[in-house]
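Following: one structure in structure tokens, then a few remarks.
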Amino acid sequence: MEGGADERARADGEGATIGEAKWSAIKALERAHPGIDADDVSFEVLDEGDEGEGRPARVRGELDPSAAAGGATADLPDEPAERVRAFLSRVVVALDLRASVDIQEDDEEIRATVNGDDLGLMIGKHGSTIDALQHLAQRIAFRGPADRKSVVVDAAGYRERREGVLRRAADRAVSEALDFDRPVELEPMNASERRIVHTYLRDRTDVQTHSEGDEPDRRLVVTPVKAGG
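Letter by letter, the sequence shown follows residues 125 to 353 in this note's numbering.
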């Protein structure tokens, strides 16, 4: 392999845990090699991290040459929903989890739910790992210009619980914004979570929302609407 290609087959990742750092590296590799999964990457731990000191875990992921050549998904099923199931089943095995993968599909969405015990490693801090898995699953499910559906990856009801947390945070922000007549920032969120809050509050006439800052610290701001303004 030439030097440039070899560089593209390696990526470093950071995260609060070793597991999150691994998925960060996989996500970086996936940009150049769509369709890879955890079985296609070997890892070197660069730093185990220290949460008390605020030092993240760091790993280096190296992609198997056969996967880099495009063979990562050759043995996956043809149907998108079954490709998602197969991909997540491999992740479950790679992370040594005792879990099953259930698939539901309708005209608009493929929803994959991983059910089992101790799925924190699959979810990650603030959902960072499961969001990376969802991104990969979307890319793996559909090849070429075929009609595409959205792919949602959930684990033990995390998405519903997280949406409830976001709505409660939005309600508190609205109350504070109206009580003190000032903009209120929420905690940093990824794009999908900001969209949940935007959608939840969009029909209100007493506040409006917008986003500020740069990723990964981009925040949603709730601002009171002046009467008659």
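Ideal placement from N, C-alpha and C gives every residue a C-beta, glycine not left out.
Check, Outcome
"What does the alpha-carbon distance come out to for the pair Gly194 and Leu310?", "Interpretation of Gly194 is limited by its pLDDT of 47, a score under 50 that renders its predicted location unreliable; the figure taken from the coordinates is listed afterwards. Rounded to whole angstroms, Gly194 to Leu310 spans 41 Å at the Cα level."
"Does the Cβ of Gln258 have 16 or more other Cβ atoms within 10 Å, making it buried, or fewer, making it exposed?", "buried"
"Quick test of your reading: Val346 and Ala297, contact by CB under 8 Å. State the CB separation rounded to the nearest angstrom.", "4 Å"
"Can you give, in chain order, each stretch of the alpha helix (DSSP H) that sits fully within the segment 314-340 and has at least 4 residues?", "315-325"
"Helix, strand or coil for Ala347, going by three-state DSSP, please let me know.", "It should be pointed out that residue 347 corresponds to Thr in this sequence rather than to Ala. If DSSP states are grouped into helix, strand and coil, Thr347 belongs with the strands."
"Ends of the alpha helix (DSSP H) at Asp303?", "282-304"
"Let's see if you can read the secondary structure: which residues bound the beta strand (DSSP E) around Glu168?", "165-171"
"Under three-state DSSP, which class holds Glu126?", "No answer about Glu126 holds up, because its pLDDT of 36 lies below 50 and its placement is not dependable."
"Please tell me whether Val331 and Leu290 are closer than 9 Å, where the distance is taken between their beta carbons.", "no"
"Which complete beta strand (DSSP E) runs does the segment 199-247 hold, if anything under 3 residues is left out?", "223-229, 233-240"
"With a CB to CB cut of under 7 Å and the five nearest residues on each side skipped, what residues in its chain are close to Glu172?", "Ile142, Ala181"
"Provide the residue span of the beta strand (DSSP E) that contains Ala135, from first to last.", "134-139"
"Specify, as a first and last residue, the run of the beta strand (DSSP E) that Leu187 falls within.", "181-187"
"For Ala162 versus Arg214, is the C-beta distance shorter than 9 Å?", "yes"
"Where do the ends of the alpha helix (DSSP H) carrying Asp255 lie?", "252-265"
"Going by Cα to Cα distance, which pick from Ile320, Val275, Leu260, Ala279 is closest to Asp295?", "Ile320"
"Could you spell out the range, first to last residue, of the beta strand (DSSP E) harbouring Ala279?", "274-279"
"Alpha carbons only, please: which of Arg286, Arg209, Leu243 is nearest the one belonging to Val96?", "For the chain, the structure presents residues 125 to 353; residue 96 sits outside this window and is missing."
"Sort Glu206, Asp255, Arg207, Lys273 by Cα distance to Asp231 and report the nearest one.", "Lys273"
"Tell me which same chain residues have a C-beta within less than 8 Å of the C-beta of Glu175, skipping the five on either side of it?", "Ala140"
"Between the C-alpha atoms of Arg134 and Ile150, what's the straight-line distance to the nearest angstrom?", "9 Å"
"Given this structure, state the Cα-to-Cα distance separating Ala315 from Ala223, to the nearest angstrom.", "28 Å"
"Report the residue from Val216, Ile234, Ile227, Glu229 whose alpha carbon sits nearest the alpha carbon of Thr253.", "Val216"
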